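Trainee: Below is one structure. I have some questions about it.
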Amino acid sequence: MADDLLIDLPDDKPVPTVATRRRTRMIHVGAVAMGGDAPVSVQSMTTTLTADINATLQQIAQLTAAGCDIVRVAVPSQDDADALPAIAAKSRIPVVADIHFNPKYVFAAIGAGCAGVRVNPGNIKRFDDKVGEIARAAVDHGTGLRIGINAGSLDKRLMEMYRTDPAGALVQSALNEARLFEDVGFHDFAISVKHHDPVIMIQAYRRLSEACDYPLHLGVTEAGPAFQGTIKSSVAFGALLAEGIGDTIRVSLSADPVEEVKVGVKILESLNLRPRQFEIVSCPSCGRAQVDVCTLAEQVTEALKDMTVPIRVAVMGCVVNGPGEAREADLGVASGNGKGQIIAKGQVIRTVPEDEIVETLVTMAHEMAADFAEQGSPQVIV
Ligand code: SF4
């Protein structure tokens with residue numbers, strides 16, 4: 081390169097992808113470790129009537145298949161509490177009972193063999209008086225707890241503070257309850273301080289993370305339907321996880337909970353906090369595109385959505401960035417003039433007409449997946 085093209089550049093420094101995970105105390109929710117150096121786990125919550133054991137177990141199986149690590153079930157009635165032993169025994173992933181208002185269901189859930197219980201101190205009657213008894217029952221059964229503080233059901237004593245400092249009030253409430261458990265020698269709990277506003281939620285978790293070393297369960301509560309909820313959760317979780325804050329996540333969507341799990345898994349994959357699976361790299365298209373990139377990308381994504389090996393497929397609309405991106409992927413197409421150059425592991429291997437691009441990519445992706453299964457997964461390029 082000619083010398084006059086070279087300008088002084090700053091020294092090359094390693095760019096961290098995310099901050100080092102903040103070190104928290106490790107607890108166990110059944111077989112899933114939470115906190116410490118355990119991987120960040122994905123949670124969701126069933127939408128079935130818990131008392132309908134078959135329907136609940138069926139939905140838990142769907143969530144498990146989508147990558148859910150821990151599942152929560154609502155327990156608003158005695159019928160639901162009665163269903164817990166069967167659900168806890170048959171679920172392949174740990175079951176957490178979600179308890180509001182009535183403390184007797186906390187004890188029922190612990191006795192039923194649930195791996196964890198979420199308690200909401202803000203609306204459980206005389207919760208503070210029962211902390212000692214709850215802690216003893218949890219120790220006896222090896223049950224993990226979550227102190228789940230929500231803006232919508234905050235302890236009445238903190239409402240005045242909430243009006244001027246909502247994040248502070250959430251944290252205050254959580255730490256007050258944590259101290260009650262500490263006073264009886266119990267520390268096996270995670271904490272959440274959820275708010276519907278991602279900015280307040282981020283502030284609350286940052287402050288909580290400074291103040292204690294309990295594992296933190298991240299959540300933007302009442303985040304909305306899938307589109308808005310996905311964005312709010314991704315922004316808030318992304319900000320915190322990139323600072324090393326967060327040990328388990330639950331995306332809350334007014335949608336099928338399987339979607340919550342898919343979004344949660346993708347958030348973790350995007351930050352390299354969970355091994356990446358199938359990933360598509362596709363350009364947004366523009367006036368230079370010589371094929372229908374959007375349709376091609378959608379068709380390839382749909383055809384490979386269940387692929388569990390870490391294959392990266394690039395679908396690019398023209399030769400500007402196409403060959404470069406396709407070369408960095410395991411498999412790709414760089415399109416031009418109604419045709420596609422198929423590139424595998426950096427080499428152009430054939431050119432096919434536009435209407436054969438999807439089929440060719442999908443077939444080759446499955447062949448690569450079979451090879452990966454035999455030889456072990458490749459190192460994921462990040
Ligand atoms: S790869 Fe080509 S078609 Fe796609 S956005 Fe870039 S310039 Fe446009």
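The opening residue of the sequence shown carries number 81 in the working numbering; numbering runs sequentially from there. Even for Gly, the Cβ is constructed at its ideal location relative to N, Cα and C. Computed from a predicted structure; not experimentally measured.
Please report how far the alpha carbon of M106 lies from the alpha carbon of V112, in whole angstroms.
Mentor: For M106 and V112, the distance between alpha carbons rounds to 10 Å.
Trainee: Shortest alpha-carbon distance to E339 belongs to which of A161, T126, L89 and H108?
Mentor: Of the candidates A161, T126, L89 and H108, the one whose C-alpha sits nearest the C-alpha of E339 is T126.
Trainee: Q379 to L288, Cα distance in whole Å?
Mentor: 43 Å
Trainee: What does I107 pair with, by DSSP beta-bridge criteria?
Mentor: M114
Trainee: Between R198 and R152, is the Cβ-Cβ spacing less than 8 Å?
Mentor: yes
Trainee: Just list the beta strand (DSSP E) runs in the segment 262-305, keeping only unbroken ones of 3 residues or longer that don't cross its boundaries, in chain order.
Mentor: Every beta strand (DSSP E) of 3 residues or more that sits fully in the segment 262-305 is shown, in chain order, as 269-274.
Trainee: Hey, would you say the C-beta of S365 is under 7 Å away from at least one heavy atom of the ligand SF4?
Mentor: yes
Trainee: Can you tell me whether T388 is buried or exposed, with buried defined as 16 or more other CB within 10 angstroms of its CB?
Mentor: Label assigned to T388: exposed.
Trainee: Tell me whether E359 sits in a helix, a strand or coil according to DSSP, three-state version.
Mentor: strand
Trainee: Looking only at its chain, what residues have a beta carbon closer than 8 Å to the beta carbon of Q252, apart from the 5 residues adjacent to it on each side?
Mentor: L238 and M241
Trainee: Tell me whether the beta-carbon of V98 lies closer than 8 Å to the beta-carbon of L321.
Mentor: Going by C-beta atoms, V98 is nearer than 8 Å to L321.
Trainee: In terms of alpha-carbon separation, which member of T440, T443, G418 and H446 lies closest to E434?
Mentor: Ranking T440, T443, G418 and H446 by Cα distance to E434 puts G418 first.
Trainee: Report the rounded CA-to-CA distance for Q421 versus D336, giving the unit in angstroms.
Mentor: Cα atoms of Q421 and D336: separation of roughly 38 Å, rounded to the nearest angstrom.
Trainee: With a threshold of 7 Å (Cβ to nearest heavy atom), would A369 be considered close to the ligand SF4?
Mentor: yes
Trainee: List the whole-angstrom C-beta distance separating G412 from V399, where the pair is believed to meet the contact cut-off of C-beta under 8 Å.
Mentor: Rounded, the Cβ-Cβ distance is 12 Å, inconsistent with contact.
Trainee: Cα separation between R330 and D277?
Mentor: 15 Å
Trainee: Out of A231, C363 and H267, point me to the one whose CA is closest to M281's CA.
Mentor: A231
Trainee: Here's the rule: buried if 16 or more other CB atoms are within 10 angstroms of the residue's CB, otherwise exposed. What is K274?
Mentor: buried
Trainee: Mind the definition here: the segment 171-181 touches the segment 201-209 only if three or more C-beta pairs lie below 8 Å; say whether that holds.
Mentor: Contact between the segment 171-181 and the segment 201-209 is present: three or more C-beta pairs spanning the two stretches fall below 8 Å.
Trainee: Once you ignore the five residues that flank L376 on each side, which residues in its own chain have a CB closer than 7 Å to its CB?
Mentor: V395, I437 and V438, listed in sequence order.
Trainee: Using CA atoms only, rank isn't needed, just tell me which of P165, V264 and K210 is closest to A188.
Mentor: P165
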